[in-house]
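Trainee: So that we are looking at the same thing, I have put the structure below in structure tokens.
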Amino acid sequence: MNMAVFSYREALNQAMTEEMERDDSVFLMGEEVAEYDGAYKVSQGMLKQFGPRRVIDTPISEEGFAGIGIGAAMVGLRPIIEFMTFSFSLVAIDQIVNNAANMRYMSGGQFAVPIVFRGSSGMAGCLGATHSHRLEAWYAQIPGLIVILPATPADAKGLLKSAIRSDDPVIFIEHEVLYHERGEIPDGEHLVPFGKAAVRRPGSDVTLITYSRSLKPTMAAAEELAAKGIDAEVIDLRSIRPLDIETLVQSVSRTHRAVIVEEDWPYCGLGAGISDRITREIFDELDAPILRVASADAPIPYNKQLEASMLPSVPRILAAVNEVVYR
1 MNMAVFSYRE ALNQAMTEEM ERDDSVFLMG EEVAEYDGAY KVSQGMLKQF
51 GPRRVIDTPI SEEGFAGIGI GAAMVGLRPI IEFMTFSFSL VAIDQIVNNA
101 ANMRYMSGGQ FAVPIVFRGS SGMAGCLGAT HSHRLEAWYA QIPGLIVILP
151 ATPADAKGLL KSAIRSDDPV IFIEHEVLYH ERGEIPDGEH LVPFGKAAVR
201 RPGSDVTLIT YSRSLKPTMA AAEELAAKGI DAEVIDLRSI RPLDIETLVQ
251 SVSRTHRAVI VEEDWPYCGL GAGISDRITR EIFDELDAPI LRVASADAPI
301 PYNKQLEASM LPSVPRILAA VNEVVYR
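Residue 1 is where the sequence shown starts when you use the working numbering, and the numbers rise one by one after that.
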């Protein structure tokens, strides 16, 4: 298979451009997506190619343009709604949860809501608490929503194309520090299905479960562990609702140990749900308690050193693995 190298940002742009070329019902709407090419330049060049009827700048009014998008989806269009940051999606939470997520069920199947809510999330370097929220666990708890967190450029493109074609509402969370990351993307039509995790590194001694930005320190930790004789398997979830529990159960059944690495807050976080599910499925296979490496249970600080200290890091992952392998 031929591959070319693109950035995560370019991959997202390719996905939207290809889907808008393929389907006239797809359009993009949000703050600064048109004239400014997007807050993170993800929509660069799209206004020129598709015009102001399909690449639409909005006022700072998340609840308003999220609601317009939901209404447009109900009558047959396929909106892509960009939030400058998912921290701001809280302004539109009523529209997302009470309308988008529930509409198919509450209408007895009369209305589908084929809409994508996408944008940046996570700690990106001194942006402070109101611009750095990790809200994936909130959205993953809501029936009716699909929740996607790509970690690589190839997944960013393939999963976003699948999201735009989905007949159900999708929460598509991009990490701010990944936009400049580069990687190979297969030539031609590239789609990645929901609910299928990727085994990024095979191993036999412990399973490391992660997603989004946390994949990078987890892979680095796995290489350090290999040098010490511990063979770690690394699984990138890619989508957290639906969750590929089958791949997790198969892996932990072989390694008998698991560490979950997430940038989310720990209290009632995603890792708690995953740990519960694995424990209930294969309790007798576990040789140690499942441990979690998450962010500190505090608001995100502005200070650079404090912010870095909150995140899952290679030393914290190594300490957790050493604990579950009893070293």
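Using N, Cα and C, we set each Cβ at its ideal position, and we do this for glycine too.
Less than 7 Å between C-beta atoms, sequence neighbours within five positions excluded: which residues of the same chain meet that for Leu215?
Mentor: Closer than 7 Å at the Cβ level, and outside the excluded window around Leu215, lie Ala151, Arg200 and Asp236.
Trainee: Any chance the CB of Ile300 is under 6 Å from a heavy atom of the ligand SAM?
Mentor: Absence of the ligand SAM is noted for the structure shown, with no ligands found whatsoever.
Trainee: So the candidates are Glu323, Trp138 and Met219; which of them puts its Cα closest to the Cα of Glu233?
Mentor: Met219
Trainee: Report buried or exposed for Pro315, applying the criterion of at least 16 other Cβ atoms within 10 angstroms of its Cβ.
Mentor: Classification of Pro315: exposed, given that the 10 Å Cβ count is below 16.
Trainee: With a Cβ-Cβ cutoff of 7 Å, do Glu263 and Ser295 count as a contact?
Mentor: yes
Trainee: With DSSP as the reference, identify every bridge partner of Leu28, one or two as the case may be.
Mentor: Leu28 is bridged to Val55 and Ile80.
Trainee: What's the gap between the Cα of Gln49 and the Cα of Leu286?
Mentor: 54 Å
Trainee: Hey, how far is the Cα of Val325 from the Cα of Ala319?
Mentor: 10 Å
Trainee: Here's the rule: buried if 16 or more other CB atoms are within 10 angstroms of the residue's CB, otherwise exposed. What is Glu223?
Mentor: Label assigned to Glu223: exposed.
Trainee: Confirm, please, whether the CB-CB distance from Gly30 to Glu63 is below 7 Å.
Mentor: No Cβ-Cβ contact shorter than 7 Å links Glu63 with Gly30.
Trainee: Using a 10 Å radius around the Cβ and a threshold of 16 neighbouring Cβ atoms, would you call Ala308 buried or exposed?
Mentor: Label assigned to Ala308: exposed.
Trainee: Nearest by alpha-carbon distance to Ile245: which of Pro217, Ile282, Arg134 and Asn102 is it?
Mentor: Ile282
Trainee: According to DSSP, is Glu181 helix, strand or coil?
Mentor: In the structure shown, Glu181 sits in coil (DSSP, three-state: anything other than H, G, I, E or B).
Trainee: Going by C-alpha distance, which of Tyr267, Arg241 and Val42 is nearest Leu12?
Mentor: Val42
Trainee: Would you mind listing the beta strand (DSSP E) stretches within the stretch 218-302 that are 3+ residues and don't spill past its ends, in chain order?
Mentor: 232-236, 239-241, 258-261 and 291-293
Trainee: Mind checking Ala227: buried by the 16 CB within 10 Å criterion, or exposed?
Mentor: Burial state of Ala227 is exposed, judged by a 10 Å Cβ sphere holding fewer than 16 other Cβ atoms.
Trainee: Among all the DSSP beta bridges, which residues are the ones paired with Thr210?
Mentor: Asp236
Trainee: Quick one: Cα of Gly71 to Cα of Glu323, how far?
Mentor: Taking the straight line joining both Cα atoms gives about 51 Å.
Trainee: Following the continuous beta strand (DSSP E) through Val147, name the residue where it begins and the one where it ends.
Mentor: Ile146 to Ile148
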